[in-house]
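Just below is one structure, and these are the notes that go with it.
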Ligand code: ADP
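Residue numbers (our numbering): -13 to 711.
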């Protein structure tokens, strides 16, 4: 049995960045406005607030490496009760981590769970692995900084806003914008009006209204005589955006064109020529837009929908444009790379976390295939005047599948759509479906991205076990796009015929019923799919070795170090919080909060609280939910508060028991020497300095309350008298 040292600290450093959108201390999204428009989100909240730990799940301990979570336990150590997280390591070694050291633990994501390493306690492997990862991360950090540097030295076009015209445009939006949508719009417009090149990522779950953000930006650009290019990953999406943009701009003298394989060669050629002479204001297209011959008279804004769906070559082209033109990227599942950049403050990020009003979460059913379920689901939808997507992702047999469906549902009108159809037919079918000439569309994943048909409120996915998590999420997002209740049926073969991973994926998607699960899901997906294709083999190897959270921490620290002109090193990760032990029970007792996971969550929130206000907020939540705090819980908060003060003034450790104790200072503390001398002189029998960094005190502190008060007083006078840099 090994007890983990309680040293350490929160190593995610946000520096002096503005934090405008964050979760509150208990993980719920809140807004916190700050002056200025540059916004980022707290990486902690994204990474650490991931699903609760379950038994056997890999977790990373900063000092000991990857182990497996094996529950919480209450131990009586030296007569003091405390809760400990049990981590299992190789050779069935156990590590007991006190809940005051939770900040050293992160959730492991980085590959299939079964492939996560299992380190040996006390072995050298972990130190070497961390060292190697640090070196590799340095290169990624340097690359990120390079892109950033290029961007900050390029001055961009400062768009001017004509308020009256803009108001006219806003009035024709048929809905009221949601608060998040409005904030994203404000941020984008404000970026565009600055002389810097914009590189903003708008991240919002499927159906949360990102398109309107793009339209407002496009309006501002065109109003300023600039051209706009909208880059989308699929032909169908291009067609849809084309229709939407045309509708939205119908009363404005703005010309919108489209470049996709749906268009005849002649039309495309004409559109391109007109782009070149500035006759076209907005061009919407697939990667074809990037194919070398794109020649625009005066491009002012590039809007990219779902950037991660573009291939490497196209991304290179986008990168080339990035340093010069304002770019607005829309995404529902942020890729780690994008997330990286946003986190490292290199890219501005707006999050649309709330759905439009009256949106209902899609109801999901994971079921073994049964024709009765299919028939009932479709019939119910038909009866309420709605339509259904029937996803059958095998082009070879799709006709057969449609035929079978026709026999099952003679009352429905059924059509087929897939990517190998000729453009004209595909366009026609999609159009007819949109105009409700059919009830059911039997289709492949061609509908996956962005397709918006408000009347389709049931989706049935055959062989749902064959899809990735992000894909299932996207597909589910194709329904439930208005205020009607929508349903997603994920049909599978029987459980023996499915892989373990598939079963986990389906369980995960069913558990993420909430609207807005996209962000959580991105990380989930990452964990299961592996990240090779996204970050390149080297990085994915590192992530598998050390876990995603720690990788992100390393990357962020490396970026900070390089920014400050230093070489990143492992030492940067050494936590600088204080260890506080007053030898009294500090826990949330089981009879106060019986559920282990809830207790663990609250421990996490307390550990991560940044200041007294955060702690107070958590306390209020606890009291609201569970009643007055029992003494060990009060102690827990008092310890946490002491830790915060101690950290602030450069104290490494506070130990105190019945007979007194000691305080250990860091080298770079801000203790005021005059105050220290006063203290030593005032009670020479109590206080003594042992070396330059240790203050001991001897007195009777057998009563716990007295002990607590004594320590609080001592620390608060150090704090009040501290040297301010
Ligand atoms: P996505 O974020 O996936 O791009 P869209 O922008 O396509 O989502 O929006 C999905 C649907 O929601 C569209 O039909 C759109 O008209 C509608 N919508 C957008 N904003 C609002 C809003 N504020 N209130 C109600 N409906 C909205």
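Glycine residues also receive a C-beta, built at the ideal position from the N, C-alpha and C atoms.
Exposed unless 16 or more other CB atoms sit within 10 angstroms - verdict on residue i
{"i": "residue 236", "result": "exposed"}
{"i": "residue 362", "result": "exposed"}
{"i": "residue 42", "result": "exposed"}
{"i": "residue 65", "result": "exposed"}
{"i": "residue 649", "result": "buried"}
{"i": "residue 424", "result": "buried"}
{"i": "residue 598", "result": "exposed"}
{"i": "residue 251", "result": "exposed"}
{"i": "residue 22", "result": "Its pLDDT being 30, under 50, residue 22 is placed unreliably by the model, and the measurement read from it follows with that caveat. Flag for residue 22 reads exposed."}
{"i": "residue 691", "result": "exposed"}
{"i": "residue 412", "result": "buried"}
{"i": "residue 344", "result": "exposed"}
{"i": "residue 467", "result": "buried"}
{"i": "residue 710", "result": "exposed"}
{"i": "residue 306", "result": "exposed"}
{"i": "residue 255", "result": "exposed"}
{"i": "residue 104", "result": "exposed"}
Local conformation of residue i per DSSP, three classes
{"i": "residue 376", "result": "strand"}
{"i": "residue 443", "result": "strand"}
{"i": "residue 291", "result": "strand"}
{"i": "residue 699", "result": "helix"}
{"i": "residue 318", "result": "coil"}
{"i": "residue 411", "result": "helix"}
{"i": "residue 47", "result": "strand"}
{"i": "residue 349", "result": "strand"}
{"i": "residue 456", "result": "helix"}
{"i": "residue 438", "result": "coil"}
{"i": "residue 355", "result": "coil"}
{"i": "residue 683", "result": "strand"}
{"i": "residue 450", "result": "helix"}
{"i": "residue 465", "result": "coil"}
{"i": "residue 544", "result": "helix"}
{"i": "residue 343", "result": "coil"}
{"i": "residue 240", "result": "coil"}
{"i": "residue 657", "result": "coil"}
{"i": "residue 82", "result": "strand"}
{"i": "residue 77", "result": "helix"}
{"i": "residue 27", "result": "Residue placement at residue 27 cannot be trusted, given a pLDDT of 32 that sits under 50; what the coordinates show is reported in the next sentence. Three-state DSSP puts residue 27 in a strand."}
{"i": "residue 398", "result": "coil"}
{"i": "residue 674", "result": "strand"}
{"i": "residue 564", "result": "coil"}
Own chain partners of residue i with C-beta closer than 7 Å, once the 5 adjacent residues on each side are dropped
{"i": "residue 684", "result": "645, 646 and 672"}
{"i": "residue 634", "result": "705"}
{"i": "residue 632", "result": "564, 566, 640 and 701"}
{"i": "residue 360", "result": "394 and 446"}
Sequence-distant residues of the same chain with beta carbon closer than 8 Å to residue i, five excluded per side
{"i": "residue 606", "result": "none"}
{"i": "residue 47", "result": "-10, 53, 73, 81, 83, 90 and 91"}
{"i": "residue 418", "result": "401 and 424"}
{"i": "residue 158", "result": "234 and 237"}
{"i": "residue 210", "result": "143, 145, 146 and 286"}
{"i": "residue 283", "result": "213, 261, 262, 263 and 264"}
Beta-carbon proximity list for residue i, same chain, < 6 Å, skipping 5 on both sides
{"i": "residue 241", "result": "266 and 267"}
{"i": "residue 131", "result": "548"}
{"i": "residue 379", "result": "430 and 431"}
Minimum Cβ-Cβ distance from residue i to chain B less than 9 Å
{"i": "residue 365", "result": "Absence of chain B from the displayed structure is noted, only one protein chain being present."}
To test your reading of the DSSP string, which unbroken alpha helix (DSSP H) runs of 4 or more residues are found completely within the stretch 116 to 172? When DSSP assignments are scanned along the stretch 116 to 172, the uninterrupted stretches of alpha helix (DSSP H) that are 4 or more residues long and fall wholly within it turn out to be 149 to 157.
Write down every uninterrupted run of the beta strand (DSSP E) in the stretch 569 to 652 whose length is 3 residues or greater and which is fully enclosed by it, in chain order. When DSSP assignments are scanned along the stretch 569 to 652, the uninterrupted stretches of beta strand (DSSP E) that are 3 or more residues long and fall wholly within it turn out to be 637 to 643 and 646 to 651.
List, from N- to C-terminal side, the beta strand (DSSP E) runs of 3 residues or more that fit wholly inside the stretch 244 to 271. Considered as a whole, the stretch 244 to 271 harbours 268 to 271 as its complete beta strand (DSSP E) runs of no fewer than 3 residues, in chain order.
Can at least three beta-carbon pairs, one atom from the stretch 215 to 222 and one from the stretch 363 to 373, be found at a separation below 8 Å? Note that the stretch 215 to 222 does not touch the stretch 363 to 373; fewer than 3 beta-carbon pairs, one per stretch, sit closer than 8 Å.
Does the stretch 442 to 450 touch the stretch 476 to 488, meaning 3 or more C-beta pairs lie closer than 8 Å? Contact between the stretch 476 to 488 and the stretch 442 to 450 is present: three or more C-beta pairs spanning the two stretches fall below 8 Å.
For the stretch 568 to 584 and the stretch 45 to 65, state whether three or more C-beta atom pairs, one from each stretch, are separated by less than 8 Å. Result yes; three or more Cβ-Cβ pairs closer than 8 Å.
Measuring CB atoms only, is the stretch 311 to 318 touching the stretch 185 to 196, in the sense that at least three cross pairs come out at less than 8 Å? Counting C-beta pairs closer than 8 Å gives three or more between the stretch 311 to 318 and the stretch 185 to 196, which meets the contact rule.
Would you call the stretch 195 to 204 in contact with the stretch 366 to 386, where contact means no fewer than 3 C-beta pairs closer than 8 Å? Segments in contact, no.
Does the stretch 614 to 633 come into contact with the stretch 113 to 124, if we say contact requires no fewer than three beta-carbon pairs (one atom in each stretch) closer than 8 Å? The stretch 614 to 633 is not in contact with the stretch 113 to 124.
What are the complete beta strand (DSSP E) segments, minimum 3 residues, inside the stretch 473 to 502? You should have 473 to 478.
So, do the stretch 377 to 387 and the stretch 348 to 359 have three or more beta carbon pairs nearer to each other than 8 Å? Contact between the stretch 377 to 387 and the stretch 348 to 359 is absent, because fewer than three Cβ pairs lie under 8 Å.
Does the stretch 287 to 295 come close enough to the stretch 216 to 233 that 3 or more CB-CB pairs lie under 8 Å? Per the Cβ contact rule, the stretch 216 to 233 is in contact with the stretch 287 to 295 (3 or more Cβ pairs under 8 Å).
Are the stretch 221 to 235 and the stretch 268 to 278 touching, with three or more C-beta to C-beta distances below 8 Å? Contact between the stretch 221 to 235 and the stretch 268 to 278 is present: three or more C-beta pairs spanning the two stretches fall below 8 Å.
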